[in-house]
DNA sequence: ATAAAGTGAAACCGAAAGGTTTCATATCCT
DNA sequence: AGGATATGAAACCTTTCGGTTTCACTTTAT
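Chains as they are written, first to last, in the numbering used here: chain W, 1 to 105; chain B, 1001 to 1105.
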């Protein structure tokens, strides 16, 4: 188990912008500039979101030239999965519910 | 689709106190007083957390005498489950069809 | 050598979050 | 009726959050 992370996973995925960032990084690793192009906010704001995600262990990065390539690290999501599993006996998963989620992205 | 909820599910479960509240309510419905006994904070603070959970559709309540009995409503958690499912392709291939669905929209 | 590109750090700001205390209201008990 | 119980609403405070602007640093290009 990695040392104590500065940010909680639940808190990290609470923000819609951060969830979209994870989604973007699921396809391929990307530099900050490319990522921030998908958001109406400043590059600096996106950079701070990436920091939160990194503190939660959900992304990491390596330098390439003057770029910083961010990469998805989905492992910490198992904590959410485990938490959710407890409640699964209550819910039924209908695919219809996915539609609402997809709108949100 | 249920009417627009005032609070997001992801945001609602981001707080540890609220997650504990859900867990307590999973066993049985409880009045505010009984719930707040499990926390170091004031009853009013717990009451406000319950309000957030209710706004997210994760709990509801009915009155019984002078008490307000809160009850777990786990259905909105399917949204989290669906979101999470997308990332399981990284460790589980069986969700390939789910992934295809999400990418098709 | 100099300029431009890609980025984080720092300082700052307004709004929201989480907490408390106080007060009002409804219900139960005697 | 009068007092205790259970609770939300309101007002307020402090900290955190998401955002911006400015600045410094590193790497690439000319």
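We treat Cβ as the ideally placed atom computed from N, Cα and C, and that holds for glycine.
Note that the structure is predicted; figures quoted are calculated from it, not measured.
Residues of the stretch 1011 to 1034 of chain B with a C-beta less than 9 Å from any C-beta of chain W: 1011, 1012, 1013, 1014, 1015, 1016, 1019, 1022, 1023, 1026, listed in chain order. Taking 8 Å as the threshold, the shortest C-beta distance from residue 63 of chain W to chain B does not fall below it. Look at residue 1080 of chain B: its C-beta is under 8 Å from a C-beta on chain W. The distance from the Cβ of residue 1060 of chain B to that of residue 1071 of chain B is about 6 Å, consistent with a contact at the 8 Å cut-off. Contact annotation: the stretch 1040 to 1051 of chain B does not touch the stretch 1081 to 1088 of chain B, with fewer than three C-beta pairs closer than 8 Å. In the DSSP annotation of this structure, residue 1015 of chain B is not part of any alpha helix (DSSP H), being labelled neither H nor E. Residue 1032 of chain B and residue 30 of chain W have their C-alpha atoms some 47 Å from each other. At least one C-beta of chain B is nearer than 8 Å to the C-beta of residue 74 of chain W. When only Cα atoms are considered, residue 1069 of chain B and residue 1062 of chain B end up about 5 Å apart.
Around the CB of residue 74 of chain W, 16 or more other CB atoms lie within 10 Å, so the residue is classed as buried.
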